[in-house]
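Undergrad: I have a structure I would like to understand better, so I am pasting it below and will then ask my questions one at a time.
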Amino acid sequence: NHRDPSIRRRAMDVVSALVDEKNVESLVPEVLDYVRLADKEFRVDLVAKIYTAIQRFSPTLQWNFNMVHRLLIENGRYVSNDMITSFCRMISQHQELQEHAVALLQGSILEESDNQSLMQVASYVIGEFMLNPNSDQSSQNECLQTFNTMKKIVQMPQTLPMTKGYLITSISKIAARFGWIEDAKSFMESLCSSNNIDVQQRAGEMARL
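This note's numbering numbers the first residue of the sequence shown as 1 and each following residue consecutively.
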């Protein structure tokens with residue numbers, strides 16, 4: 001809480017280095033509370049250190065996911081592509097975590113649409129692991145809402161081309177799984193006139209598939 005930013009920075013650096021399997025559950029949430037006080041350059045480094053500590057010392061997979069989910073929500077612009085890839089890989093390797101991850105990230109899609117890092121993770125996880133609930137109508141409606149929200153996010157001007165690529169792939173996978181082929185194909189064809197060549201190409205490939 002010191003007013004001097006250089007002292008705060010050193011204190012945060014020391015605290016993040018002290019995290020281990022005995023104190024991770026108490027220290028990581030506390031460090032996250034103070035990350036927003038850090039200057040931009042240090043925040044990138046600190047976010048990476050916190051992520052590494054979570055991966056090394058998490059007591060459970062669900063706690064791991066919940067902490068990184070919070071990290072993404074609060075610090076999305078300071079998260080590296082390597083961290084996004086690592087987190088998605090972790091989720092893909094643990095089937096017991098996937099239902100929990102999909103449920104939380106469906107909420108994130110609705111509430112955090114301008115957070116590019118979080119949208120990339122959410123798009124990948126939902127596209128891979130959101131299951132068709134078949135006869136459960138309320139769950140079907142929730143999945144359809146997620147599907148339609150993802151289409152809206154693609155069309156938002158602040159959505160980066162890389163994020164749109166994640167979303168386009170996810171929308172296509174969901175459409176194939178749920179039988180919403182014509183809807184998705186029509187949407188992909190509308191994106192073929194995008195002024196971004198990567199979005200054009202990805203959407204065109206998905207429409208043909």
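Cβ coordinates follow ideal geometry from the N, Cα and C atoms, glycine included.
Mind checking whether the beta-carbon of Lys164 lies closer than 7 Å to any heavy atom of the ligand NAD?
TA: Absent from the structure shown: the ligand NAD. Ligands present: none.
Undergrad: Taking the beta carbon of Ser108 as the centre, do at least 16 other beta carbons fall within 10 Å, making it buried, or is it exposed?
TA: Here residue 108 is taken as the residue at index 108 of the sequence shown, counted from 1. Flag for Ser108 reads buried.
Undergrad: Please give the ranges of any alpha helix (DSSP H) in the region 82-162, keeping only runs that are unbroken, at least 4 residues long and fully inside the region.
TA: Correct list: 95-111, 116-129, 137-155.
Undergrad: Using CA atoms only, rank isn't needed, just tell me which of Ser193, Leu191, Leu131 is closest to Ile174.
TA: Counting from one through the sequence shown, the residue named residue 174 turns up at place 174. Ranking the options by Cα distance to Ile174, first place goes to Leu131.
Undergrad: Where does the unbroken alpha helix (DSSP H) through Val14 begin, and where does it stop?
TA: Taking the first residue of the sequence shown as position 1, residue 14 is located at position 14. Counting along the chain, the alpha helix (DSSP H) containing Val14 begins and ends at 5-17.
Undergrad: The alpha helix (DSSP H) with Val199 in it runs from where to where?
TA: Within the sequence shown, residue 199 is the residue found at index 199, counting from 1. Per DSSP, Val199 belongs to the alpha helix (DSSP H) from 197-208.
Undergrad: Determine the DSSP secondary structure at Trp63, reduced to helix, strand or coil.
TA: If you number the sequence shown from 1, residue 63 lands on position 63. Trp63: helix per DSSP, three-state reduction.
Undergrad: Answer yes or no: do Val47 and Cys88 have a C-beta to C-beta separation smaller than 8 Å?
TA: As a working mapping, residue 47 is identified with position 47 in the sequence shown. As a working mapping, residue 88 is identified with position 88 in the sequence shown. Against a cut-off of 8 Å, the Cβ pair of Cys88 and Val47 comes out as no contact.
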